[in-house]
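Here is the structure we will look at, set down as structure tokens.
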Amino acid sequence: TVAAPAFVLEAEPLPDVPDGADTPEREAAAITEAVESAALDMESTLAGVSNATEADVLKAHLAILRDPEFLERVHSRIGSGCSAGAAIIAARDHYTLVLGASESEYLRERAMDVRDVCAQLLHRLYPTAERRERPVPAERHILVTEDLTPSDFLAQDKNLLAGIVMSQGGVTSHTVILARAAGIPCVVGAQNIERMVKTGDSLVVDATRGLVVIDPPTAVLRYYLLEQERERRRKEQLAGHAAAEGRTRDGRRVEVSANAGMVEEAASAFAGGAEGIGLFRTELLFMDRDTPPTEDEQFEVYSRIVAEAGGRPVIFRTLDVGGDKPIPYLGLPEEANPFLGYRAVRFYPEHEDILNAQIRAVLRAAALGTVRLMVPMISCVEEVRYAKGLVSKAAESLDADGIQRGNVEVGIMVEVPSAAMIIPALATEAEFFSIGTNDLAQYLMAVDRGNRNVSHLKSLLHPALLKTLMKIVDDAHAAGRWAGMCGEMAGVERLAPVLVGLGLDELSMAGPNIPAMKAALGKWRTDECREMLESAAAQPTSADAEAVVSAFTPSGERPAVLGVAITNLKSTAQSREEAIKELVDLLSLDGRAGDPNLVEEAIWRREDEYPTGVGYGFAIPHCKSKDVLVNSIGFLRLDEPIVWQAEDEEPVRFVLMLAIREADHGTEHLRIFAKLARRIMNDEFRERLLTESDAAELVGFIRSEIE
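Note that the numbering used here gives residue 601 to position 427 of the sequence shown, counting from 1, and the numbers run on in steps of one.
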């Protein structure tokens, strides 16, 4: 979240391409010169770049510049009588059309990279064309534009760039990836935003919710400034965890890795503390093409990933496509139920040439670092043996060709229930296991995760799923095999005690979740989490299992209900909304709340039903929520009294917020609430709350009064 003035950046017009053409030889020479000039500039910029993500985008643009197919198409148009500029435009339009029609968002976003490179070539071909001087903002700002090319992003002063809003683009565009790596909030798809905003307008960009607020009222702006401050403090808290090893409280090692589908994602994840790549989705390389990528093309990408890893492990998943991920040149049949059909390892026998090229590329990359190969959709031992046979053949062919290669461990994704039931047998062939909870859950519960009519039946805490996960990990360890998890569940912070209880060796998740998960793992002991997990798995329903998990707390000294960290005696809150948000944020920063937004929503549900102003200038907002991790009472003394409710006789000067865990079924919170309400009627009690200047003294006083 960020608040700052807008700076509207208009698209830079392309130079006019003159009618007619010189001789094909001269036009071809002009193209060659423009390409070399652009390449030299990119290489020069690349040499001075320290940010891995920026370097990867520049390398991707260099790859487009030197792509033989791209250059051949340009020169073919010149041979047909086109000028160099017209040939570039024709090639740009062709690739933009092809990529833009893709069902893969990632490949659709590559069209912007092609347009960016082609624009740079056009400006080099026609340097005499007048280029309008673009204004440069002199203060911190939010950049608003129709679309921002990666090269335009790289040209920005990051010290002044507070946020980005684009009417075009998608979340997988290189510009968004660059912004994410730089920690700059970015919202895309805000249609016509560049026409609705003018330079200097006040803006709020809430990237978490995908919101853009234009000229926010003072109250809204102040709310988001509080949000910005909480995010800043949370980031500071987690900074130390990013570089640390993943470990449980009792010292058990848990590797915390990242899922990725492109080099830029991997680079960003490593910068954010990833200890490896637990899942690299190779299928993105195969989409939106007329032919499969060559072995060399794949090796170029895989080797870059391994280089980024710098010795850390990388797990490449073999091609995982099927009826739900159509690739026209494979000729895969349309199926009524593609999730149960001809996909992943099941289509390999008829396409061994494609798999051979992929596995050869992975083996070549393995010579550069620690690489593992993971096969998806395994349901029986025979499929593992078959996949290992493909690896052996690829290794033998590389040896015969005299090409350097490394060795890889071959493991499987556990996502089919039949595989989960025969781990001991699979372990005689597979060298490691990684649980894909997304597919495993939908297959186990017969719930199509994309079907809204039944999606409510899916639960990551369904007792059947918990028992299955326990069996997978226990059986893998009994066979001496490593067990990880790369599905959605692996990155859910509130499920950290479940993950610890499972005894997983590795967790792989979206890169931005890594520091928080490392911090969460460090709170829990394996033996205690295992006991809790067994209790949750023994419950009859998902709701009952959820209650067990929510009620579980770390052993040792539990945080007191009261605390200095959740007390502020000099609050500048100017409204009920700000006061509630400030108190919830204090809970979150002190590790007492999971998702602060959900705790805030729970508070407001109570506020809408019951008056929480208790008179005498005091208010006691309260809630029960599964996102409250520790029963807590927070205090806020306001510099200036605020109107709490219209019907209150006097404004509120002191706020006591009571937050109770949903799992607490007793009436303790009602007892505390009633005692506080009674004590507030006492003049001396109120006077002490309104005048005590030391937070620790005040907390001690209130504790003595309510215990």
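Cβ coordinates follow ideal geometry from the N, Cα and C atoms, glycine included. Quick caveat, the model's predicted, so the values are computed rather than measured.
With at least 16 other beta carbons inside 10 angstroms of its own, residue 298 counts as buried. Under the three-state reduction of DSSP output, residue 808 falls in the strand class. The distance from the Cβ of residue 548 to that of residue 587 is about 6 Å, consistent with a contact at the 8 Å cut-off. When DSSP states are grouped into helix, strand and coil, residue 742 belongs to the strand group. Taking each of 835, 199, 813 in turn and checking the Cα distance to residue 761, the smallest one comes out for 835. Apart from sequence neighbours up to five positions away, the residues of its chain that approach residue 349 with a beta-carbon distance below 6 Å are 322, 324, 327, ordered along the chain. Rounded to the nearest angstrom, the Cβ distance from residue 480 to residue 435 is 16 Å, too far for a contact under 8 Å. Contact check between the stretch 177-187 and the stretch 367-384: three or more CB pairs, one atom from each, fall below 8 Å, which counts as touching. Within the model, the alpha-carbon separation for residue 417 versus residue 444 is close to 10 Å. For residue 409, the enclosing alpha helix (DSSP H) begins and ends at 392-416. The stretch 665-721 contains, as complete alpha helix (DSSP H) runs of 4+ residues, the segments 670-676, 688-695, 700-711 (chain order). Boundaries of the alpha helix (DSSP H) harbouring residue 594: 591-595, taken from the DSSP string. Of the candidates 258, 199, 360, 265, 258 places its Cα closest to the Cα of residue 192. In the three-state reduction of the DSSP assignment, residue 656 falls in the strand class, which pools E and B. Residue burial annotation: residue 550 is buried, with at least 16 other C-beta atoms found within 10 angstroms of its C-beta.
In the three-state DSSP reduction, residue 582 falls in the coil class, being neither helix nor strand.
Under the three-state reduction of DSSP, residue 799 is assigned to strand. Per DSSP, the unbroken beta strand (DSSP E) holding residue 315 starts and ends at 315-319. By the Cβ rule, the stretch 386-406 does not count as touching the stretch 263-272, because fewer than three pairs are nearer than 8 Å. Residue 814 carries a strand assignment under DSSP once its states are collapsed to helix, strand and coil.
Residue pairing of residue 287 in beta bridges, as defined by DSSP: absent, with no partner found. Distance from the CA atom of residue 646 to the CA atom of residue 594, rounded to whole angstroms, is 6 Å. For a cut-off of 8 Å, the C-beta gap from residue 460 to residue 501 is around 6 Å, short enough to register as a contact. Shortest Cα-Cα distance from residue 427 to any of 559, 198, 678 involves 678.
By the C-beta density criterion, residue 596 is exposed, having fewer than 16 other C-beta atoms within 10 angstroms.
With fewer than 16 other Cβ atoms inside 10 Å of its own Cβ, residue 630 counts as exposed.
In this structure, 800 is the residue among 800, 319, 476, 855 with its C-alpha nearest to the C-alpha of residue 769.
Linking residue 878 to residue 810 through their CA atoms gives a straight-line distance of about 19 Å. CA-CA distance, residue 673 to residue 555, rounds to 27 Å. Along the stretch 200-240, the alpha helix (DSSP H) occurs as fully enclosed runs of 4 or more residues at 226-239, listed in sequence order. Around the Cβ of residue 507, a 10 Å sphere holds fewer than 16 other Cβ atoms; the residue is exposed. In the three-state scheme derived from DSSP, where H, G and I count as helix and E and B as strand, residue 360 is classed as strand. Going by beta carbons, residue 577 and residue 661 fall outside the 8 Å limit.
When C-alpha distances from residue 848 are compared across 872, 793, 804, 862, the shortest belongs to 793.
Contact between residue 759 and residue 400 holds, with the beta-carbon distance rounding to 7 Å and staying under 8 Å. Here residue 513 carries a helix assignment [DSSP, helix/strand/coil].
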